[in-house]
Amino acid sequence: MERRCWSVEAGIAVLLLLAGCSAPAPSAGVADPQATAALAPGGGVRPRLKPADLVGFRSLPAYSEPAWVSQDFVAKGRLPPLRDRLPKQPLVVAAGAMPDGIGVHGDALRQVTGGRPEGWNTSAGQSQGWGGVDIGTLECLTRTGPLFLVRSDALQPLPNLARRWTWSPDGHQLTMDLVEGARWSDGHPFTSDDVMFFWTDNVLDPQVSPLGGAGPDSFGAGTTLEALGPYTIRWTFRQAFPEDVLYQMAYGKFCPGPAHVLRPQHPRHNPRNSYADYRNAFPAARVNFPVMGAWVATEYRPDDIIIFRRNPYYWKVDAAGQQLPYFDELQYRLLGWNDRDIQVIAGTSDLANVEVPGNYVEVLRQAAKPGAPFRIAFGPRGAAYAVLMNLSGNGWGEPDARGQQVRRLNRTLAFRQAVSLAMDRQALATTLVKGPFVLPYAGGILPDTPFYDAAATVQWGHDAARARALLDDAGIIDSDGSGMRNFPGGGPDIEIVLTASPDTATDRSLAEGVQIFAREIGLRIILRFVGGTQRDAAGASGQFDWLLSRNNTTELITVVQGSDALAPMGPYTHAFHRAGPGGRLDLLPYERDMVAAVAAFQDSRDPAVRRAAMARYQRLSTANANSIGLVRFPGALIVNRRIANVPPATPIFMFNWAEDAIMRERLFVPRARQGGAELRPRTLPGCFDCRS
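Basically the working numbering = 1-based index in the sequence shown + 16.
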């Protein structure tokens, strides 16, 4: 049972942290508790809505847009009238998605990212720099970010580019109707051709790796997709009613790019191009790239800023018929990851995820000050760190002789259990931050998911003596008297490379802690700090022994979204066990059992059967130390007080990152507080490629 000594008033919250959960009187200096309210770690909003309370497709009597767009562009013949730019039935963001009510147009949403954009071709794997940049430009078949607001008995993905879907009587086919009449930001129609190009020439092409990791098995082995018309597609599945695939069709597994722009660069359609040419054909400097999202990148200055302006063809409106987004401009300052908190605290940024535990106390101190320009709220403990051991013995990542020996150790049960026993999780938590924030994490699915079963979770306490005994019994001993254990059979000292990110103090602290605790049982760990996209590439290509990972995917906290990643369900679906060059998986016995448990979960529509399947999965995963869980903790969303329509206690990560969960297209600033934030007022995206 977690100890929750906490108050919702920020003044009390700060004092509780500093006093170790004693209960002093409230601070007299805090006049507005709402300004700095901090919910209990592990808490959050109580879901109460149905999907239809959030969004739906329908026609409205009239539509409107910012007056300056009508005056400067429509009236002068530079842009068609709004009704001609919208679908006959646009997606309407309902009142249930707007806690502060219908908004007003204008102003800029200011954010910060520590990433740097590679380019705009996400279909071929280019990163736009993370931090929510891509979420502002991409739209997918379904949408899941706001589902933290939807009650469990009504839970299903929201319609998006796919406006509705129906199952065949036998459950093997799913027919989807796409939004009809929507257009890319350059005015080109969005049709099933865009969907089929993404599927055939990106997802199914073994030479292409889309940004979200979509592959042939992401939607079930043997799945096919066909176009039945310009606005209708049909999926065919081997299994009946695989409803979980609807979650896979959300960000970031099925977000089509503009086929009319991408196809001419793809090697299948342009023999002069290599796959590298295709991937890199749209660098970050080539702005105005057509999107279906709310904003279009119109200006990029390296290591300075990306400016996005409103998409004049955006196909979503509010219940009053106002075209979304409300914000005319979205800005991303290209600073460092740790700068995100600082900029919101200073009032120069509007929104950030506080996800570095070491910053929590200081952020709360700042929030408790009278007149603080931001408010803060903690969500559930949805962030967790684990060490992922490369379990492939089949050549994935082309390991050298030492690396192959490490893989053999990784595949040994006693070795994994010993490493887990060596980790002092409570000490690791304390090094990150004092207070009721960080807790030990056993591995497997997280306690905040409805499918968590505490009785099925094997907890690994800290017991270095037992860990050493396990290694001795397995023949992993110090055979040369060096003080470090040797590879079995009289080999050299064991050396294991732990790949980690240098981008946050949390990653560095945990990596160093793992190194220290592993040394106590005779294992030498070499730290390899690789940042940004290089770390992502190392993980995706299998070029690692161990990988320090924060759960940046949804399967551990929602289970229903991305469940194919819980186990090696296919050759390329799993994070730390994939097929080698021959396309063959070499699953361990317990992994085969985990695959069967996940398959049982996916194949059933019976809640009891699904819960039982996940309990079996959880026991298999934790008992076999499938990953070495370390710590788990909440995140907090800090928001400038001028911003309206942010749901309280939004999780920074659950079904998606907070940038999608809060539905940025319907955030706004009240008219009286607007002014001065826009850098390129009264402008719209320009021509992407006027040469064609």
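Heads up, the beta-carbon is just placed ideally off N, CA and C, and yes, glycines get one too.
Ends of the beta strand (DSSP E) at Leu194?
-> Taken as a continuous stretch (DSSP letters only), the beta strand (DSSP E) holding Leu194 covers Gln189 to Leu194.
Cβ shell of Arg627 (< 7 Å), same chain only, five flanking positions each side left out = Correct list, in chain order: Phe467.
Take the Cβ of Ile573 as the centre, count every other Cβ of all protein chains shown within 10 Å, and call the residue buried at 16 or more, exposed below.
-> So Ile573 counts as buried.
Taking the continuous alpha helix (DSSP H) assigned at Met630, which residues delimit it?
-> Segment Pro623 to Ala639, the alpha helix (DSSP H) holding Met630.
Go through its chain and collect everything with a Cβ distance to Gln475's Cβ below 6 Å, but skip five positions before and after it.
-> So the list reads Ala458, once near-sequence residues are dropped.
Thinking C-alpha only, which one of Arg99, Gln347 and Phe89 is nearest Tyr79?
-> With distances taken between Cα atoms, Tyr79 lies closest to Arg99.
Rounded straight-line distance, which links the Cα of Lys385 to that of Val449 | C-alpha separation (whole angstroms): 21 Å.
Where Arg551 falls: helix, strand or coil (DSSP) | Residue state, collapsed to three classes: helix.
According to the Cβ coordinates, are Ala178 and Leu157 closer than 8 Å?
-> A distance below 8 Å separates the beta carbons of Ala178 and Leu157.
Enclosing beta strand (DSSP E) for Leu526 [first to last residue] | Run containing Leu526: none in the beta strand (DSSP E); it sits in the alpha helix (DSSP H), Ala521 to Arg535.
From Leu444 to Ala652, what does the alpha carbon distance come to, in whole angstroms?
-> The straight-line gap from Cα to Cα measures roughly 20 Å.
Any idea which residues DSSP pairs Leu486 with across the strands?
-> In the DSSP output, where bridge partners are listed per residue, Leu486 has none listed.
Can you tell me which of Val662, Arg397, Glu528 and Phe592 puts its alpha carbon nearest to the alpha carbon of Pro456?
-> Of the candidates Val662, Arg397, Glu528 and Phe592, the one whose C-alpha sits nearest the C-alpha of Pro456 is Arg397.
Enumerate in chain order the residues of its own chain whose CB-to-CB distance from Ala472 is below 6 Å, with the five nearest sequence positions on each side excluded.
-> Excluding sequence neighbours, Ala472 sits near Ala631, Gln634 and Arg635.
Measure the C-alpha to C-alpha separation of Asp260 and Ala230 and round it to an integer number of angstroms.
-> So the two alpha carbons sit approximately 15 Å from each other.
What distance in whole Å lies between the Cβ atoms of Trp673 and Ile151, which are believed to be in contact at a cut-off of 8 Å?
-> That belief holds up - the Cβ atoms of Ile151 and Trp673 are roughly 7 Å apart, short of 8 Å.
Roughly how many angstroms separate the alpha carbons of Arg648 and Leu95, rounded to a whole number?
-> The C-alpha of Leu95 is placed about 50 Å away from the C-alpha of Arg648.
Ends of the beta strand (DSSP E) at Glu511?
-> Its beta strand (DSSP E) spans residues Glu511 to Ala516.
Taking the Cβ atom as the reference point for each residue, do Leu107 and Phe73 lie within a distance shorter than 8 Å?
-> Yes, Cβ-Cβ distance for Leu107 and Phe73 is below 8 Å.
Measuring alpha carbon to alpha carbon, tell me which of Ala490, Gln255, Leu351 and Phe503 ends up nearest Gln421.
-> Nearest neighbour of Gln421 by Cα position, chosen from Ala490, Gln255, Leu351 and Phe503, turns out to be Phe503.
Closer than 6 Å by C-beta to Leu351: which residues in its own chain qualify, once you throw out the five before and the five after it? Chain order, please.
-> The residues are Val128.
Tell me whether Gly459 counts as near the ligand SAH, meaning its Cβ is closer than 7 Å to at least one heavy atom of that ligand.
-> Because no ligand of any kind appears in the structure shown, any question about the ligand SAH cannot be addressed here.
Does the beta-carbon of Leu165 have 16 or more other beta-carbons within 10 angstroms, so that it is buried, or is it exposed?
-> Buried, by the Cβ-count rule.
Since Thr216 is in the beta strand (DSSP E), which residue starts that stretch and which ends it?
-> Membership of Thr216 in any beta strand (DSSP E) is not indicated, and neither H nor E is assigned to it by DSSP.
Reference Pro97; option with closest CA among Pro328, Tyr247 and Ala313 | Out of Pro328, Tyr247 and Ala313, the CA that lies nearest to the CA of Pro97 is found in Pro328.
Under 7 Å Cβ to Cβ from Pro597, same chain only, skipping five residues before and after it: list those, please.
-> Excluding positions up to five away in sequence, the list reads Gly411.
From Ala198 to Ser620, what does the alpha carbon distance come to, in whole angstroms?
-> Taking the straight line joining both Cα atoms gives about 35 Å.
For the beta strand (DSSP E) containing Ala292, list its first residue and its last residue.
-> Counting along the chain, Ala292 falls outside any beta strand (DSSP E), though it belongs to the alpha helix (DSSP H) covering Tyr291 to Arg295.
Among Leu190, Glu681 and Pro667, which residue has its Cα nearest to the Cα of Asp464?
-> Measuring from the Cα of Asp464, the nearest candidate turns out to be Pro667.
Helix, strand or coil for Ala445, going by three-state DSSP, please let me know.
-> Of the three classes helix, strand and coil, the one that applies to Ala445 here is helix, per DSSP.
Alpha carbon to alpha carbon, how far is Gly187 from Ala591?
-> If you draw a straight line from the Cα of Gly187 to the Cα of Ala591, it comes to about 29 Å.
Helix, strand or coil at Asp48 according to DSSP, with G and I counted as helix = Confidence at Asp48 is low in this model, with a pLDDT of 25, below 50, so its placement is unreliable and the value that follows should be read with caution. Note: Asp48 maps to coil in three-state DSSP.
Met679 - containing alpha helix (DSSP H), residue span = Neither: Met679 is in no alpha helix (DSSP H) and is coded neither H nor E.
Same chain, Cβ closer than 7 Å to Asp519, neighbours up to 5 away in sequence not counted | These residues qualify, in order along the chain: Gly130, Trp353 and Gly547.
Can you give me the Cβ contacts of Gln359 inside the same chain, cut-off strictly under 6 Å, excluding the 5 residues immediately before and after it?
-> The beta carbon of Gln359 lies closer than 6 Å to those of Val128 and Ser365 in the same chain, with the five residues before and after it left out.
Could you name each continuous beta strand (DSSP E) segment of 3 residues or more that falls completely within the stretch 367–426, going from the start of the chain to the end?
-> Listed in chain order, the beta strand (DSSP E) elements of length 3 or more contained wholly in the stretch 367–426 are 367–370, 390–394 and 399–405.
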